[in-house]
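Residue numbers (this note's numbering): 1207 to 1567.
Below you'll find the structure, written out as structure tokens, and then a few comments.
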Amino acid sequence: MVSFQPSEDQQLIRDTVASFAQEQIRPAAHEADETGAIPSALIQQGWGLGLVQSVIPEAHGGAGEPISAISGALVAEELAWGDLAIALHLLAPRLLLYPIILAGTPEQQQRILPAFGANQFRAATAAVMEPRFGFDLAQLSTTAQRSDGSFTLSGAKCFVPIGGSAEQVLVYARTSDGVASGFLVDKGAAGIVRIEREQNMGIKALETTEMDFDKCTVPAANQLACDFPALMNRSRVGLAALAVGVARAAFEYARDYAKDRKAFGVAIAQKQAIAFMLAEMAIEIDATRLLAWEAAWKIDRGEDATREAVLAKHYAASMVMKVTDNAVQVLGGHGYIREHPVELWARNGRGIATFEGLVMI
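See below:
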């Protein structure tokens, strides 16, 4: 029987992250969006929570905690409640770390994992999406050709989080047999011909980059023979949880505003049109959270969660746009100005529909 009550450890993690989001992330979000940069001190504080490195096996310098999709969903929601861009930055190293733990060879784990056990934030990421119309995860255009103990990567990637500062990038490419594999590419490797920061509508505080590879040679030992579809299911659930966090932030702000804002002598929250809108927002948020939790539950049980993960991601993408747009509507003209955060949440939320492979739980 599935339980909707987090375990004691999960609730502790959730409460810790929620406090960090409220006290540290939320106050920094507006300026980070304005400047396009996240304070390094905030990044280091987030790293200190152990949200990334705690799952590293003890033999490689970590705490050896199990990777749990449910725990990951709880963490993602709370971080995104603080700010989506900052959440994605803090979680970006998971994009490389988790696949190595789940599918890496003993040699790869020994070579890669100890560096993440240090006290300083280590920038790492993965490159999944490609800048072409009709992009399909099942049909990657980036190729990896094997020759004499190495692979040669060629292709283009986009929406790579912290791609410019990452020490290593896990690049997903299609091998000659048509199967998607991950390839560990070090910073500054020959054949990385372009890394350019993108200018996006939302999540402006997060550095996302386009990366071009032209005959980028990596050793065969850097190939990660992972279960790519299963990893993408983890990403979909993570994106759904992030969407819940953004939507919840917008809903709570709009609800409180409606209780305080008076028109014709009464709070606008008492007006039927506003009350119904707020109720529908709450329903949509809870429904999406339950979809994400179901998918995460199946992942943690080792079951195929493709259907549930796709449903959660698809529903979350439309939900977060609807809820954040309604939050702007509740605030009226105030929702359009930057002094209120709902316009930021509306811009950030639209990215959920676009992204694939941008987070890992």
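Glycine residues also receive a C-beta, built at the ideal position from the N, C-alpha and C atoms.
Exercise for review: Would you please state the rounded distance, in angstroms, between the beta carbons of Phe1322 and Pro1305? I believe it to be under 8 Å.
Suggested key: With a Cβ gap of about 13 Å, Phe1322 and Pro1305 do not count as contacting.
Point to revise | Residues near Ile1276 in its chain [Cβ-Cβ closer than 8 Å; skip 5 each side] | key: Pro1212, Gln1216, Trp1499, Ala1502, Trp1503 and Asp1506
Check your understanding: Which whole-angstrom value is the C-beta distance of Lys1363 and Glu1402, which I expect to be below 8 Å?
Key -> Not confirmed; about 11 Å, so no contact.
Exercise for review: Just mark Thr1241 as buried or exposed, buried being the case when its beta carbon has 16 or more other beta carbons within 10 Å.
Suggested key: exposed
Check your understanding: What residues are listed by DSSP as bridge partners for Val1366?
Key -> Thr1415
**Study point:** For Asp1239, the three-state DSSP class (helix, strand or coil)
**Key:** helix
Check your understanding: Mind pulling the alpha helix (DSSP H) runs of 4 or more residues that sit fully within the region 1267–1293?
Key -> Within the region 1267–1293, the complete alpha helix (DSSP H) runs of at least 4 residues are 1275–1288.
Review point. Since Ser1353 is in the alpha helix (DSSP H), which residue starts that stretch and which ends it?
Key: Ser1353 -> not in any alpha helix (DSSP H); beta strand (DSSP E) instead, spanning Thr1349 to Ser1353.
Point to revise | Candidates Ala1330, His1546 and Ile1567, of which the one nearest Arg1440 by Cα | key: Among Ala1330, His1546 and Ile1567, the Cα nearest to that of Arg1440 is on Ile1567.
Point to revise | Delimiting residues of the alpha helix (DSSP H) encompassing Ile1249 | key: Ser1246 to Gly1254
Check your understanding: Do the CB positions of Gly1369 and Pro1425 come within less than 8 Å of each other?
Key -> Their beta carbons are not under 8 Å apart, which means Gly1369 does not touch Pro1425 by this criterion.
Check your understanding: When you compare each of Gly1539, Ala1386 and Ala1286 to Val1334 by their alpha carbons, which one comes out closest?
Key -> Out of Gly1539, Ala1386 and Ala1286, Ala1386 has the C-alpha closest to the C-alpha of Val1334.
Check your understanding: Is DSSP giving Asp1383 helix, strand or coil here?
Key -> coil
Check your understanding: Taking DSSP as the reference, what is the three-state secondary structure of Ile1480?
Key -> Helix, per DSSP.
Exercise for review: Please confirm if the region 1316–1332 is in contact with the region 1483–1490, defined as three or more CB-CB distances below 8 Å between the two stretches.
Suggested key: no
Point to revise | Pro1547, DSSP secondary structure in three states | key: coil
Exercise for review: Spatial neighbours of Arg1553 within its chain, please: CB distance less than 7 Å, with the 5 preceding and 5 following residues excluded, ordered by chain position.
Suggested key: Met1407 and Gly1408
Point to revise | Inter-residue Cα distance where the pair is Glu1404 and Glu1264 | key: 38 Å
Point to revise | Spatially closest choice to Asn1273 from Arg1556, Leu1308 and His1540, by CA coordinates | key: Going by the sequence as given, residue 1273 is Ile instead of Asn. Cα-wise, what sits closest to Ile1273 is Leu1308.
Check your understanding: Could you give the residue range of the beta strand (DSSP E) that holds Arg1400?
Key -> Note, Arg1400: beta strand (DSSP E), Ile1398 to Arg1403.
Check your understanding: By Cβ distance, which residues of its chain are closer than 8 Å to Gly1268, with the 5 residues on each side in sequence left out?
Key -> When the five nearest sequence neighbours on each side are left out, the beta carbons in the same chain lying within less than 8 Å of the beta carbon of Gly1268 are those of Gln1259, Ser1260, Val1261, Ile1262, Leu1319, Phe1322 and Gly1323, in order along the chain.
Review point. By Cβ distance below 6 Å, which residues in the same chain neighbour Asn1532 in space, the five residues on each side in sequence not counted?
Key: Met1483 and Met1487
Point to revise | Three-pair Cβ contact test at 8 Å for the region 1382–1396 versus the region 1449–1458 | key: no
Exercise for review: State buried or exposed for Pro1547, treating a residue as buried only when at least 16 other CB atoms are found within 10 Å of its CB.
Suggested key: When all chains shown are included, Pro1547 counts as buried.
Practice item. May I have a chain-ordered list of the alpha helix (DSSP H) segments no shorter than 4 residues that lie completely inside the region 1420–1475? Key: 1434–1466
Exercise for review: Compute the distance between the beta-carbons of Val1223 and Glu1284, then report whether it is under 8 Å.
Suggested key: yes
**Study point:** Residue range of the beta strand (DSSP E) that includes Ala1330
**Key:** Unbroken beta strand (DSSP E) run through Ala1330: Ala1330 to Ala1333.
Point to revise | Buried versus exposed, by CB contacts within 10 Å (16 or more), Met1207 | key: Since pLDDT at Met1207 reaches only 44, below the 50 mark, its modelled position is unreliable, and the value read off the structure follows with that caveat. With a threshold of 16 other beta carbon atoms within 10 Å, Met1207 falls short and is exposed.
Check your understanding: Per DSSP, what kind of secondary structure is Leu1359 in: helix, strand or coil?
Key -> Under the three-state reduction of DSSP output, Leu1359 falls in the strand class.
Practice item. Report the three-state DSSP secondary structure of Val1516 (helix, strand or coil). Key: helix
Review point. For chain C, is any of its Cβ atoms less than 8 Å away from the one on Ile1567?
Key: The chain inventory of the structure shown lacks chain C, comprising one protein chain alone.
Exercise for review: Evaluate Phe1472 with the Cβ neighbour count: other Cβ atoms within 10 Å of its Cβ, from every protein chain shown; 16 or more gives buried, anything less gives exposed.
Suggested key: As written in the sequence, residue 1472 is Val, which differs from the Phe given in the question. Exposed.
Point to revise | Exposed unless 16 or more other CB atoms sit within 10 angstroms - verdict on Glu1514 | key: buried
**Study point:** Closest Cα partner of Val1375 within the set Thr1381, Gly1288, Val1443 and Val1391
**Key:** Val1391
Exercise for review: Taking the CB atoms as reference points, tell me whether Lys1410 and Asp1239 lie closer together than 8 Å.
Suggested key: yes
Check your understanding: Which same chain residues, not among the five before or five after Gly1555, have their C-beta less than 6 Å away from its C-beta?
Key -> Val1452, Val1526, Met1527 and Thr1530
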